[in-house]
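*Asks:*
There are 2 protein chains.
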Amino acid sequence: MFCRDQLPEPNEWTQTVNGYAAHGGGGDVLNGGTKLMDLLDEPVPGVGTYEDFNTIDWVREKSKDRDRHREITSKSKESTWALLHSVSDAFSGWLLMLLIGLMSGALAGGIDISAHWMTDLKEGVCLNGFWFNHEHCCWTSNETTFQERDKCPQWKSWAELIIGQTEGAFAYIVNYLMYVCWALLFSFLAVSLVRAFAPYACGSGIPEIKTILSGFIIRGYLGKWTLMIKTITLVLAVSSGLSLGKEGPLVHVACCCGNILCHLFTKYRKNEAKRREVLSAAAAVGVSVAFGAPIGGVLFSLEEVSYYFPLKTLWRSFFAALVAAFTLRSINPFGNSRLVLFYVEFHSPWHLLELVPFILLGIFGGIWGALFIRANIAWCRCRKTTRLGHYPVLEVLVVTAVTAILAFPNDYTRTSTSELISELFNDCGLLDSSKLCDYVNVNASKSSNELPDRPAGHNVPSGLFIPSMAVGAIAGRLLGVGMEQLAYHHHDWPIFKGWCSPGADCITPGLYAMVGAAACLAAMTSKWVADALGREGIYEAHIRLNGYPFLEAKEEFSHKTLAMDVMRPRRSDPPLSVLTQDSLTVEDVEALITETSYSGFPVVVSHESQRLVGFVLRRDLIISIENARMRQDGIVSTSPIFFTEYTPPPPPSSPATLKLRGIMDLSPFTVTDHTPMEIVVDIFRKLGLRQCLVTHNGRLLGIITKKDILKHMAQMANRDPDSILFN
Amino acid sequence: MFCRDQLPEPNEWTQTVNGYAAHGGGGDVLNGGTKLMDLLDEPVPGVGTYEDFNTIDWVREKSKDRDRHREITSKSKESTWALLHSVSDAFSGWLLMLLIGLMSGALAGGIDISAHWMTDLKEGVCLNGFWFNHEHCCWTSNETTFQERDKCPQWKSWAELIIGQTEGAFAYIVNYLMYVCWALLFSFLAVSLVRAFAPYACGSGIPEIKTILSGFIIRGYLGKWTLMIKTITLVLAVSSGLSLGKEGPLVHVACCCGNILCHLFTKYRKNEAKRREVLSAAAAVGVSVAFGAPIGGVLFSLEEVSYYFPLKTLWRSFFAALVAAFTLRSINPFGNSRLVLFYVEFHSPWHLLELVPFILLGIFGGIWGALFIRANIAWCRCRKTTRLGHYPVLEVLVVTAVTAILAFPNDYTRTSTSELISELFNDCGLLDSSKLCDYVNVNASKSSNELPDRPAGHNVPSGLFIPSMAVGAIAGRLLGVGMEQLAYHHHDWPIFKGWCSPGADCITPGLYAMVGAAACLAAMTSKWVADALGREGIYEAHIRLNGYPFLEAKEEFSHKTLAMDVMRPRRSDPPLSVLTQDSLTVEDVEALITETSYSGFPVVVSHESQRLVGFVLRRDLIISIENARMRQDGIVSTSPIFFTEYTPPPPPSSPATLKLRGIMDLSPFTVTDHTPMEIVVDIFRKLGLRQCLVTHNGRLLGIITKKDILKHMAQMANRDPDSILFN
């Protein structure tokens, strides 16, 4: 939310792609067959890599990996060492998952402990050692009873330390001031660290991770600096009391771990597609440690984050998520030796009739979610376009100050958000000290095995200011308490007959709170309502706001246009720039490269026939010609360039020929001009293409790139097509 | 397992597809643009449908649905009625899910109740009414205590009824005989019903459902007869005591429900792709009702059954699975008002060290699973090739008799398998009457809130004969009891220190049983071990055994062949049969249809240029020409056929021209001859193609069909390519 200048200005790096030609080639033949490698026995360094802020070619990356795998497998029969290498290669994926799980779990544990400590630091300090948080401080003390475990003499509030008073208006003001000052200090540190060292560390990072997983390259976004700064500033931001969850950022932290650990294994370091498989598992790990829910993490990754999710990563993701959850549990930040963040135990199964209030909660969640997304996007757009966005540090400090000033007076807002939610989920038993369980204990004299009857006290809180889940949990708890009171006072009503006997525990407000929270995140009714109000999730909205080249896999393309309506060149444009397979010289090609900015060129048999032979990338062409001029004898400006399989022997006096079939993609994807765009979009999504050539009756006619498709989709939805910035 | 003659003999219906040409066209332009429909204003009936035992064209089906959706949306602005129609169309998917959930849940409940009753009928009958099962019979009796709830005077064993004795060798023999007779009767009825009325109702049906979901058509496999007979025979087979689970067949039952209910909605009745979306949700419903696990059902459907799983069906599947589970719960067959089949409550969290025995269980599960698959396939192959398979009724009766004879003497095998498993999962408390909890109650005098100490009694059973889960559960329980005894007798060992204090309940054998059962189904270590022994699941093995055209989505194609190595015609074959776009007459085309058996023909500009224009299906061609000869004036054998957009006006005396551009697929998929087969396989899988044309430098060269790919894959794996039977 507080991010703005994290990416370079668009015109710095889109200048080479503003035409209609494409980055990238669609095939893998680069390493495909020996007969293609007649010239380039050693692949020229740099051929087959990508520039920053470009989209990878999934087909090529996957083919590269299969080639590597084939080579290892075929070698494995030759020697024991090669066999061992092959086995270790096969298990490296699982090992990597183990490491990611361990590292992310450990980091999440560290973040939890630090944030807990620093949140308490805003209120006071422990005399036994300043590194103890409030709870630990009182654990080490022997003088506390179970009932008052948060009051012990070792823990001093700031007022007590500074002016020696614990009660009274002056002490309250001192505590208040210290609370606000610490909050401001933490948030100032956080925002300064991010700005100074790692601009990518800001925000939740999920929109960018979605885009990266779809095949985009943002160098450094998942690097070690980002990881370090994000970890530190996340602790600071959470401790400052800002209304933000650490769940989104934990996904970013886990993905950074994944990306960094990928460097240990050649298989993943060198292959952008394989690395993205690991990253989508890492996203599942992030959710797993954030909520203590391994299966939930895998489902989240599947539904929300992953773009290309081969089924085999399902098991790996689940494994990594489990490992991370266990690591976190061993560090035991929640102190109850359960895996989950919000552990709830309910004693009574729920009744079918309770579906009605649950559905009401769902509708509330849906409306609330849709409104939140709209308000958030409106605010971000406002920051992008007006002068408001020019003072991010000031903005953060003002928001922190306002939050701290509003939050301190109320007990529930003063603690961290996740503590509040977990208190809302609570089922009230006899031992509960929570004020939420302030029922009039009419029958405290009964045997201690029974639950109290429940006429309400007068302390149910409402109207707080906290993130989505808390809002849902509060709404749910309110409704639950309402239902409970209804059932208590009217247990003779027909609907309660046979379900709630008097004095029995038939409605669980904590369950309502949980359903409410779930509804505000993603549940079923909410989903319908929110879909009706606007299909776009908050991450997609942010992706669009930033102009990332993200082709949504879930959205249906429902227009009736054909490939010929989208392809470049348009009817009024000059014809497509192509190379011919056997009639160009080095200087012709160099001139074409200088004159145009297209990042790839189709190769045809001849200008007259326009029959397609292959596709060459600009980057590969430049590198290969430079390399040949330096290393290969007799290559001069007048040397002919051949893309054919067999080259005629050059006449004795003429310069040496340059054979470039090796860098040509021999299997570019083609569609006919009559192909409906819905099919083209489908192909792009499912195969992860960057561009596709268009033919008519066997002749090359034009080209469609991913950017062309996104622009076309924007136009069809009456949005500005120039909002798509990247290629 | 007892299925053989369920499908017609291959040569009856493969005769039309034994060439190299394909069934099917790759596009949707049939209903695509008005300009293509200049002749065929009304689509000719039959064009665009499929024959039995053929593969559908996903791309075309999905395009048809998008066209339909576009039409409804555009009309919805015209009138209120059309708007209502559009809204009801949008919600019909959810309504359908609701109906499937209700119907499957109700059927599953009925099956459970009936099977329970008939299983008890083998042992005796209730005097209060023969329709009560043992448990219900004794519920209605007032004379039973909680401890002996399965003994009441109203329930008479057969010996008691027939000879008036309950004890003694003679009574035992009478009970034994009756038990075996009932079992034989049930299994005879089951096998006769299947053979007489619905041969498709046999087996678990999951291999066939996987194949259907991948796009194959088997008419009647999911029809109402199959549903009826399968439901009845499932009850009979389970009651007969055969070692089979009802979980697989329940998936088939749920899919039948889904398919039948699809007929209520035009959207799903008429579109094979949409119907398969519903079926994959129905598969999730089946697992959900079988195990009471909605999320597990969705994951099973995702991992095992679904071929093409758009993410939006994830939510629908989950919704339907929930509805089904609730319906089943309302019918309440397990009598404990919980959703799950095996409800286990464990009091102590498990320790990290317990991972070691869990991993051992995993290894056991993996080995056991791999062996089971091999043995099963070997037996099926043996039945297919030898005379053994000619007497299925006899085979079933023999197996039933042997099972019944072996099962009766042992209490644990006499009950149904699922009861056994649920008993194994049990955690032993004080109130447990199960013999598995036969510990020496050394401290029964202690207060009733404590659990008993656990030196073992002498009754732990072993060596039983039951399906996978039970085997896993038994192995797990054995290991668990072993661990428990180890911890009890050696609680001073270092590893148990600080984990098991004497007398505390630190190891839960029921949990071990559950882990064991899970391991034998699919869990993590098991998966690795089983993968190392052979990657193929039992369903895939059966698909291969039956020669279904199933292109496995998870298996990597790892060979280095190119499209030109796989395409037809081979180098020695005659050239590809093609149509030209403007130089053929009706009789030329009819001759080509008669001479060849290919099910589709590419259309080219001319024989000389071989530039591809489109693709026409044999079926559509025959229907259109017949239709034109009957209905259109002046169409005779010498009428020219045009596939071009503009046809020249015919000379005055010549016959009328037949314009067939409307039935031509204008966007056939093409790849170049140099495309690696791994990419071709990927395209076929992800887009659901039936065939793809191969070009070289823009000229048409050949064709690759799904069957060609499957044959090629079989050849590469050193299997018989002719084992692929269908197209």
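Residue numbers (full-length UniProt numbering), protein chains in the order written: chain A, 1 to 727; chain B, 1 to 727.
We put the beta carbon where it would ideally sit given N, CA and C, even for glycine.
If you measure from the beta carbon of aspartate 708/A to each beta carbon in chain B, is any gap under 8 Å?
*Replies:* Output row for aspartate 708/A: interface = no.
*Asks:* Can you tell me whether glutamine 691/B is helix, strand or coil according to DSSP?
*Replies:* Correct three-state label for glutamine 691/B: strand.
*Asks:* What ranges does the alpha helix (DSSP H) occupy inside the segment 554–588 of chain B, keeping only unbroken runs of at least 4 residues that lie completely in it?
*Replies:* Correct list: 563–566.
*Asks:* Span of the alpha helix (DSSP H) holding tryptophan 225/B?
*Replies:* Its alpha helix (DSSP H) spans residues 224–239.
*Asks:* Going along chain B, which residues have a C-beta under 8 Å from asparagine 697/A?
*Replies:* What asparagine 697/A touches in chain B: Val605, Arg611, Leu612, Val613.
*Asks:* Checking the sheet assignment: what are the DSSP bridge partners for tryptophan 155/A?
*Replies:* Per DSSP, Cys126/A.
*Asks:* Of the residues Glu208/A, Leu328/A, Cys692/A, Leu236/A, which one's Cα is nearest the Cα of serine 667/A?
*Replies:* Per the Cα distances, Cys692/A.
*Asks:* Using 8 Å as the limit for Cβ to Cβ distance, is valine 59/A near chain B?
*Replies:* Valine 59/A counts as touching chain B.
*Asks:* Per the DSSP calculation, isoleucine 704/A is bridged to which residue(s)?
*Replies:* Partner(s): Cys692/A.
*Asks:* On the DSSP letters alone, give me the boundaries of the alpha helix (DSSP H) that valine 278/A sits inside.
*Replies:* 272–291 is the extent of the alpha helix (DSSP H) around valine 278/A.
*Asks:* Roughly how many whole angstroms lie between the Cα atoms of valine 118/A and aspartate 57/A?
*Replies:* The question names valine, yet the displayed sequence has methionine at residue 118/A. Near 45 Å, if we compare the C-alpha coordinates of aspartate 57/A and methionine 118/A.
*Asks:* Since cysteine 181/B and tryptophan 155/B are thought to touch, with beta carbons under 8 Å apart, how far apart are those beta carbons, to the nearest angstrom?
*Replies:* Actually they are not in contact, since the Cβ atoms of cysteine 181/B and tryptophan 155/B sit about 19 Å apart, beyond 8 Å.
*Asks:* In the DSSP assignment, what are the bridge partners of threonine 672/B?
*Replies:* DSSP lists Thr695/B as partners of threonine 672/B.
*Asks:* Express the C-alpha separation of methionine 664/B and glycine 205/B in angstroms, rounding to a whole number.
*Replies:* Straight-line Cα distance between these residues: approximately 37 Å.
*Asks:* Give me, in chain order, the residues of the same chain whose beta-carbon lies closer than 6 Å to that of glycine 335/A; leave out the 5 immediate sequence neighbours on both sides.
*Replies:* With a pLDDT of 49 at glycine 335/A, under the threshold of 50, the modelled position of this residue cannot be trusted; read the value that follows with caution. Excluding sequence neighbours, glycine 335/A sits near nothing in its chain.
*Asks:* Using Cβ-Cβ distances below 9 Å, what residues of the segment 550–582 of chain B are close to chain A?
*Replies:* Taking 9 Å as the Cβ-Cβ cut-off against chain A, the residues of the segment 550–582 of chain B that qualify are Ala553, Lys554, Glu556, Phe557, Ser558, His559, Lys560, Leu562, Ala563, Gln581.
*Asks:* With 16 other CB atoms within 10 Å as the buried threshold, where does residue 754/B fall?
*Replies:* There is no way to answer for residue 754/B, as the model of chain B reaches only from 1 to 727.
*Asks:* Is the beta carbon of isoleucine 641/A closer than 8 Å to that of leucine 689/A?
*Replies:* No.
*Asks:* Pull up the distance between the alpha-carbon of isoleucine 377/A and that of alanine 541/A, whole angstroms please.
*Replies:* So the two alpha carbons sit approximately 7 Å from each other.
*Asks:* Return no unless some Cβ of chain A is closer than 8 Å to the Cβ of methionine 716/B.
*Replies:* No, methionine 716/B does not count as interfacial toward chain A.
*Asks:* Isoleucine 641/A lies in the beta strand (DSSP E); which residues open and close that run?
*Replies:* Per DSSP, isoleucine 641/A belongs to the beta strand (DSSP E) from 640–642.
*Asks:* Using DSSP with H/G/I as helix, E/B as strand and the rest coil, what is valine 174/A?
*Replies:* Note: valine 174/A maps to helix in three-state DSSP.
*Asks:* For the segment 263–272 of chain B against the segment 220–234 of chain B, do three or more pairs of beta-carbon atoms, one drawn from each stretch, fall closer than 8 Å, so that the two count as touching?
*Replies:* Segments in contact, no.
*Asks:* In terms of alpha-carbon separation, which member of Asp582/A, Pro249/A, Phe364/A, Lys707/A lies closest to proline 650/A?
*Replies:* Minimum Cα distance to proline 650/A is reached at Asp582/A.
*Asks:* Under 6 Å Cβ to Cβ from valine 191/B, same chain only, skipping five residues before and after it: list those, please.
*Replies:* Only Val393, Val396 meet the Cβ criterion.
*Asks:* Indicate whether the contact test is met: 3 or more Cβ pairs, each with one atom in the segment 567–583 of chain B and one in the segment 599–609 of chain B, closer than 8 Å.
*Replies:* Short answer: they touch.
*Asks:* With a 10 Å radius around its C-beta and 16 neighbouring C-beta atoms as the bar for buried, classify aspartate 620/A as buried or exposed.
*Replies:* Aspartate 620/A is buried by the Cβ-count criterion.
*Asks:* Cα separation between threonine 672/B and histidine 696/B?
*Replies:* Distance between the alpha carbons of threonine 672/B and histidine 696/B is about 6 Å.
*Asks:* Report the CB separation of alanine 281/B from threonine 233/B in whole angstroms; it is logged as a contact under 8 Å.
*Replies:* Contact doesn't hold; Cβ gap of about 25 Å is too wide.
*Asks:* What separation, rounded to the nearest whole angstrom, lies between the Cα atoms of proline 655/B and glutamine 632/B?
*Replies:* Those two C-alpha atoms are separated by around 12 Å.
*Asks:* State buried or exposed for tyrosine 221/B, treating a residue as buried only when at least 16 other CB atoms are found within 10 Å of its CB.
*Replies:* By the 10 Å Cβ count, tyrosine 221/B comes out buried.
*Asks:* Quick check on DSSP: helix, strand or coil for aspartate 633/B?
*Replies:* Residue state, collapsed to three classes: coil.
*Asks:* Just checking: is the beta-carbon of histidine 674/B within a distance shorter than 8 Å of some beta-carbon in chain A?
*Replies:* Yes, its Cβ sits closer than 8 Å to a Cβ of chain A.
*Asks:* Suppose you measure from the CA of phenylalanine 291/B to the CA of phenylalanine 615/B; what does that come to, to the nearest Å?
*Replies:* Roughly 47 Å separates the two Cα atoms.
*Asks:* Closest Cβ-Cβ distance between lysine 210/A and chain B: below 8 Å?
*Replies:* It does not: the Cβ of lysine 210/A has no partner Cβ on chain B nearer than 8 Å.
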